[in-house]
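Asks: First the structure, then my questions, so here it is.
Residue numbers (our numbering), protein chains in the order written: chain E, 1 to 281; chain R, 282 to 598.
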């Protein structure tokens with residue numbers, strides 16, 4: 001548990017890490033990473049019950065799966081600051097021989113990662129499997145998953161959404177990063193998905209909405225509420241209305257920074273908006 | 282010449298079902314998943330005895346592979362069951378990312394492989410699955426030849442750490458390997474010693490190869506027959522040792538010659554011991570409706586095809 005001040009400090013430092021990581025290798029996905037910073041900082045520091053150290057089985061602790069693997073910068077930074085691996089290792093993001101691949105993988109043995117993701121639409125199914133194993137193991141801990149909203153265009157998600165309610169997977173909290181943007185533009189233009197809340201409800205899920213998905217208090221309150229709703233026969237969906245590029249004024253309100261790195265000048269401007277709090281790696 | 286007796290024809294998928302049932306009794310971590318084909322995969326008894334360890338996912342194979350990958354987090358050993366076509370081609374990316382690249386201990390168990398699925402036709406008869414699976418880094422690929430071997434393999438792979446593709450079939454075929462066999466992943470089996478030609482077969486073609494060896498023996502040709510149940514990792518030593526003696530080889534499989542066992546053999550021969558080789562396999566084609574026997578005949582996958590290939594390859598020595 002961290003104080004609100006500490007959480008805010010972590011958020012600011014994670015944003016700096018994201019920007020510096022993608023700038024250094026001139027590649028990566030800052031937009032969605034910045035948008036999900038408050039969520040992942042809250043989840044890992046305030047919500048999830050975690051064991052010290054890391055093992056692949058994740059028995060007797062909460063487990064998280066990132067389905068939209070392209071927001072690896074925020075995931076790596078949050079994991080490092082939570083103590084899974086040295087913060088200095090963020091310096092190796094996307095470099096040859098690194099454990100911090102462009103998209104997360106178990107293959108290089110990076111602590112904190114339990115599945116590879118990058119090819120979209122697969123994480124929810126995996127999360128369901130682990131939730132089922134927790135039930136078989138009589139492990140009361142929960143499984144969390146984060147999915148992009150554009151990612152819901154992949155059909156496998158709807159197989160998984162149907163399964164989770166049909167089979168009463170009620171130890172699962174799946175959050176949708178609802179930033180309404182994808183690579184080619186606004187989701188409503190690329191492939192309109194309609195009313196996602198109604199769709200999840202129609203598929204038999206309980207749905208909570210976070211109107212301000214970059215507000216720590218609202219995120220934490222909603223996640224706590226979601227936890228209190230588990231074990232009642234239904235999977236839980238959180239629609240997290242985030243702002244892609246949040247925290248950097250010129251990266252917000254556009255999909256342009258989905259997969260583009262800032263240049264030197266842009267980095268300087270962006271870092272000036274996010275204070276160094278815990279020390280740059 | 283060693284004689285092999287058909288102990289009574291059975292389908293290899295029943296070997297899978299019975300192996301799974303036994304696993305249910307001896308290994309509490311084994312769980313099973315199926316995409317609406319319980320009867321076809323012979324999973325009924327496992328489900329009856331272990332309802333809490335079975336997951337019916339409906340007609341949603343991509344989700345099944347993902348759930349299987351997730352079940353391993355926490356120590357379960359998932360066995361997925363559906364037809365070979367829907368176990369591989371339909372879910373290639375899910376297997377690639379969530380299972381193979383994620384190093385998940387999932388056993389992908391695939392029935393109705395090849396043309397011997399029969400009357401349902403080419404939409405269901407995959408002849409490319411061995412190639413798809415063997416190209417995945419870290420994937421073990423097994424194609425068993427009869428009921429007893431399939432049962433033994435099913436039991437053995439639960440103890441084998443890592444992703445496995447286990448391929449078997451629909452029709453009733455000769456059951457001739459030992460009931461009490463110990464299945465060793467990656468070890469070829471020398472079934473028949475010979476000196477004139479090596480026949481390396483997998484799956485349903487192993488029995489056809491043994492039958493071919495009998496016919497060849499009557500014609501004065503001494504054929505060595507090797508059962509390669511594990512296509513990857515391939516038992517290179519048993520093949521190289523044999524061709525050093527026979528100087529020619531026939532590979533036999535119910536699969537496209539592109540991507541199959543024969544292609545893997547050609548690769549190790551090219552690197553180690555260039556040897557004339559003939560391929561008993563489908564020739565880059567889809568299958569069609571028909572009885573298993575008719576299809577094996579039409580697509581050149583039976584005893585006669587093996588005999589003809591042997592004659593041809595021996596002329597190339």
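Ideal placement from N, C-alpha and C gives every residue a C-beta, glycine not left out. Fair warning: this is a prediction, and the values are worked out from it, not measured in the lab.
(1) What ranges does the beta strand (DSSP E) occupy inside the region 45–85 of chain E, keeping only unbroken runs of at least 3 residues that lie completely in it?
(2) Taking the beta strand (DSSP E) that residue 146 (chain E) falls in, what are its first and last residues?
(3) With residue 25 (chain E) as the anchor, note down where its alpha helix (DSSP H) starts and where it stops.
(4) Do we get a CB-CB distance below 7 Å when we pair residue 114 (chain E) with the residues of chain R?
(5) Can you list, in chain order, the residues of the region 374–402 of chain R whose Cβ is nearer than 8 Å to any Cβ on chain E?
(6) Helix, strand or coil: which one does DSSP assign to residue 459 (chain R)?
(7) Our contact map puts residue 419 (chain R) next to residue 374 (chain R) with C-beta atoms below 8 Å; I'd like the distance itself, whole angstroms only.
(8) Which of the three DSSP states is assigned to residue 223 (chain R) in this structure?
(9) Tell me the DSSP bridge mates of residue 39 (chain E)?
(10) Quick one: which chain R residues come within Cβ less than 8 Å of residue 48 (chain E)?
(11) Taking only beta-carbon positions, decide if residue 343 (chain R) is within less than 7 Å of chain E.
(12) With a floor of 3 residues, list each beta strand (DSSP E) that falls wholly inside the region 94–176 of chain E, ordered by position along the chain.
(13) Might you give, ordered along the chain, the residues of its own chain that have their beta carbon closer than 6 Å to the beta carbon of residue 17 (chain E), omitting 5 neighbours on each side?
(14) Starting from the Cα of residue 515 (chain R), find the closest Cα among R:547, R:506, R:494, R:497 and give me that residue.
(15) Leaving out five residues before and five after residue 33 (chain E) in sequence, what residues of the same chain have Cβ atoms less than 6 Å from its Cβ?
(16) Quick one: is residue 456 (chain R) buried, meaning 16 or more other Cβ sit within 10 Å of its Cβ, or exposed?
(17) Nearest by alpha-carbon distance to residue 518 (chain R): which of R:552, R:487, R:539, R:541 is it?
(18) Near residue 493 (chain R), what residues of its chain come up, given a Cβ to Cβ distance below 6 Å and the 5 sequence neighbours on each side ignored?
(19) Note down, in chain order, all residues in the region 156–167 of chain E with a beta-carbon under 7 Å from any beta-carbon belonging to chain R.
(20) Taking Cβ-Cβ distances below 7 Å as the criterion, which residues of the region 50–84 of chain E are in contact with chain R?
(21) Kindly list, in the order they appear in chain R, the residues whose Cβ is closer than 8 Å to that of residue 29 (chain E).
(22) If I measure Cβ to Cβ from residue 196 (chain E) and keep anything under 8 Å in the same chain, skipping five residues before and after, which residues do I get?
(23) Nearest-angstrom Cα distance between residue 499 (chain R) and residue 533 (chain R)?
(24) Looking only at its own chain, which residues have a Cβ that is under 6 Å from the Cβ of residue 479 (chain R), when we skip the five neighbours before and after it?
Replies: From the atom records:
(1) 63–66
(2) The sequence position of residue 146 (chain E) within the first chain is 146, counting from 1. Taken as a continuous stretch (DSSP letters only), the beta strand (DSSP E) holding residue 146 (chain E) covers 143–148.
(3) Position 25 of the first chain, counting from 1, holds the residue named residue 25 (chain E). Taken as a continuous stretch (DSSP letters only), the alpha helix (DSSP H) holding residue 25 (chain E) covers 4–25.
(4) By one-based count along the first chain, residue 114 (chain E) stands at place 114. Taking Cβ atoms only, chain R reaches closer than 7 Å to residue 114 (chain E), which makes this a yes.
(5) 374, 375, 377, 378, 379, 382, 383, 384, 385
(6) Reading the second chain from its first residue, position 178 is the one you call residue 459 (chain R). In this structure, residue 459 (chain R) counts as coil in the three-state DSSP scheme.
(7) As a first step, residue 419 (chain R) is located in the second chain; it is residue number 138 there, counting from the start. As a first step, residue 374 (chain R) is located in the second chain; it is residue number 93 there, counting from the start. So it is not a contact: roughly 16 Å between Cβ atoms.
(8) Residue 223 (chain R) lies beyond the range of chain R shown here (282 to 598); nothing can be said about it.
(9) Mapped onto the first chain, residue 39 (chain E) falls at position 39. DSSP output for residue 39 (chain E) lists no bridge partner at all.
(10) On the first chain, position 48 is the one that residue 48 (chain E) refers to. Residues of chain R passing the Cβ test: none, with the nearest at roughly 15 Å.
(11) In the second chain, residue 343 (chain R) corresponds to position 62, counting from 1. True, the Cβ-Cβ gap to chain E drops below 7 Å.
(12) 143–148
(13) Within the first chain, numbered from 1, the residue matching residue 17 (chain E) stands at position 17. Cβ neighbours of residue 17 (chain E) beyond the five flanking positions: 77, 90.
(14) Start at 1 with the first residue of the second chain, and residue 515 (chain R) comes out as number 234. The candidate whose alpha carbon is nearest that of residue 515 (chain R) is R:547.
(15) Sequence index remark: in the first chain, residue 33 (chain E) carries index 33 (1-based). So the qualifying residues of the chain are 18, 71, 73, 74.
(16) Here residue 456 (chain R) corresponds to residue number 175 of the second chain, with the count starting at 1. The residue is buried, with at least 16 neighbouring Cβ atoms inside 10 Å.
(17) By one-based count along the second chain, residue 518 (chain R) stands at place 237. When each option's Cα is compared against that of residue 518 (chain R), the closest is R:552.
(18) Locating residue 493 (chain R) in the second chain gives position 212, where the first residue counts as 1. Cβ within range, chain order: 584, 587, 588.
(19) 156, 159, 160, 163
(20) 56, 57, 58, 59, 63
(21) Start at 1 with the first residue of the first chain, and residue 29 (chain E) comes out as number 29. Within chain R, no residue comes near residue 29 (chain E); the closest Cβ sits about 17 Å away, beyond 8 Å.
(22) Taking the first residue of the first chain as position 1, residue 196 (chain E) is located at position 196. The residues are 149, 152, 176, 178, 239.
(23) On the second chain, position 218 is the one that residue 499 (chain R) refers to. On the second chain, position 252 is the one that residue 533 (chain R) refers to. C-alpha separation (whole angstroms): 21 Å.
(24) As a position in the second chain, residue 479 (chain R) is number 198, starting the count at 1. Excluding positions up to five away in sequence, the list reads 505, 523, 524, 527, 530.
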